[in-house]
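Q:
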Amino acid sequence: MISIILAILTALTWASSVVYIRRGLDSSNFISISLVITIVGVIVFTPLSILLTPIESVNMYGFSLFMLAGFISPGLVRLLYFKGMEEVGASVNASIYSSYPVFSSLTAALLLSEELTFGAWLGVVCVMFGAIIVQRAMYGGEAFRGDVKKLIYPFLAAILAGLSYVVKKEGLNVYDVPIMGVSIGYAAAFLLYLPIMLKSPATLNKHSFKLFWKPGVGICIGHLLLFYALRYGNVSTVTPLIQVEPLFIFLLIRYYLKSIEKITPKLVVGAVTIILGAVLVALA
112 MISIILAILT ALTWASSVVY IRRGLDSSNF ISISLVITIV GVIVFTPLSI
162 LLTPIESVNM YGFSLFMLAG FISPGLVRLL YFKGMEEVGA SVNASIYSSY
212 PVFSSLTAAL LLSEELTFGA WLGVVCVMFG AIIVQRAMYG GEAFRGDVKK
262 LIYPFLAAIL AGLSYVVKKE GLNVYDVPIM GVSIGYAAAF LLYLPIMLKS
312 PATLNKHSFK LFWKPGVGIC IGHLLLFYAL RYGNVSTVTP LIQVEPLFIF
362 LLIRYYLKSI EKITPKLVVG AVTIILGAVL VALA
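Using my numbering, the letters of the sequence shown correspond one by one to residues 112 to 395.
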């Protein structure tokens, strides 16, 4: 039960941060946001992990798994996601990416021997399709543009995101220190993004920090909640519940961003489908 609560809190925390980011998006760009969030994560978690984790307790195998997980996601996944948005459009990109709970559940079944009941699989599928409906409604459902081959970007992002949850879980199995997992993950992503910062220093500026450091802290908290959710629960339970994030975004937008986003019947249908899927996963 605690893993379910933590997964839902992760989704709520991330959704709140996304809505905050949405308010400042018109005056910045996704690359700047990614860099700010990553740097905030390094600033927040590096000293905390050093203070709270005895050096003698460090497990190098677990350390390596956390590094790999961070390099994959948020590192590579975030770059592929934004590249997909650029190449195929926001709606198509977000819809394909929403399939990552299926990949995470399949990978967990294969590599971690997690067992899913029929009800759990049905819940995963409901959450996925509900998220797709919500994402397409929120992004306007624009038609696909570009070469079909470029769909590889969101597909790779979804596959790697699913894999990263399994790597995080295995890391926690051998090195049960969630705060260290988050800290190492942010450090890995920072190393991956460092060439971007050096090549295009204009993407990281005072204006971007002022706009996005607060939601960056929120996303950091969400990552810590995620690691604790994975500590106590299975990947196949946690990841579908995290994907209820679009539902929380929908609810928060309804109250805080009425002038920016419009609520449509399609959004309502998607939200109901997500709720149904989340209930099925939780009951399973």
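All C-beta atoms, glycine included, are put in the ideal place defined by N, C-alpha and C.
1. In whole angstroms, give me the CA-to-CA distance for residue 194 and residue 188.
2. Spatial neighbours of residue 387 within its chain, please: CB distance less than 7 angstroms, with the 5 preceding and 5 following residues excluded, ordered by chain position.
3. Which two residues bound the contiguous alpha helix (DSSP H) that contains residue 194?
4. For residue 334, does the count of other Cβ atoms within 10 angstroms reach 16, so buried, or fall short, so exposed?
5. Of the residues 311, 153, 140, 116, which one's Cα is nearest the Cα of residue 296?
6. Under the three-state reduction of DSSP, which class applies to residue 127: helix, strand or coil?
7. Classify residue 218 as buried or exposed, calling it buried when 16 or more other Cβ atoms lie within 10 Å of its own Cβ.
8. Measuring alpha carbon to alpha carbon, tell me which of 124, 115, 119, 114 ends up nearest residue 329.
9. Count Cβ pairs between the stretch 203–219 and the stretch 351–370 that sit closer than 8 angstroms; are there 3 or more?
10. With 16 as the cutoff for other CB atoms within 10 Å, does residue 239 come out buried or exposed?
11. Can you tell which of 324, 265, 150 has the C-alpha that lies nearest to the C-alpha of residue 302?
12. In the DSSP assignment, the alpha helix (DSSP H) including residue 166 goes from what residue to what residue?
13. Could you work out which residue in 376, 122, 276, 112 is closest to residue 247 when comparing CA atoms only?
14. CA-CA distance, residue 119 and residue 160?
15. The alpha helix (DSSP H) spanning residue 304 covers which residue range?
16. Using only the alpha-carbon positions, how far apart do residue 380 and residue 165 sit?
17. Within this structure, are the beta carbons of residue 346 and residue 280 separated by less than 8 angstroms?
18. With a cut-off of 8 angstroms, do at least 3 Cβ pairs link the stretch 287–294 to the stretch 220–236?
19. According to DSSP, simplified to helix, strand and coil, what is residue 203?
20. Suppose you measure from the CA of residue 244 to the CA of residue 385; what does that come to, to the nearest Å?
21. The alpha helix (DSSP H) with residue 347 in it runs from where to where?
22. In angstroms, rounded to a whole number, what distance separates the CA positions of residue 204 and residue 262?
23. Go to residue 171, then tell me how far its alpha helix (DSSP H) extends in each direction, as first and last residue.
24. So is residue 342 buried or exposed if we call it buried at 16+ other beta carbons inside 10 Å?
25. Ends of the alpha helix (DSSP H) at residue 284?
A: This is what the structure gives:
1. 10 angstroms
2. 237
3. 188–199
4. buried
5. 153
6. helix
7. buried
8. 124
9. yes
10. buried
11. 150
12. Element bounds for residue 166: n/a, residue is neither H nor E.
13. 376
14. 24 angstroms
15. 289–310
16. 49 angstroms
17. yes
18. no
19. helix
20. 9 angstroms
21. 346–353
22. 8 angstroms
23. 171–181
24. buried
25. 263–285
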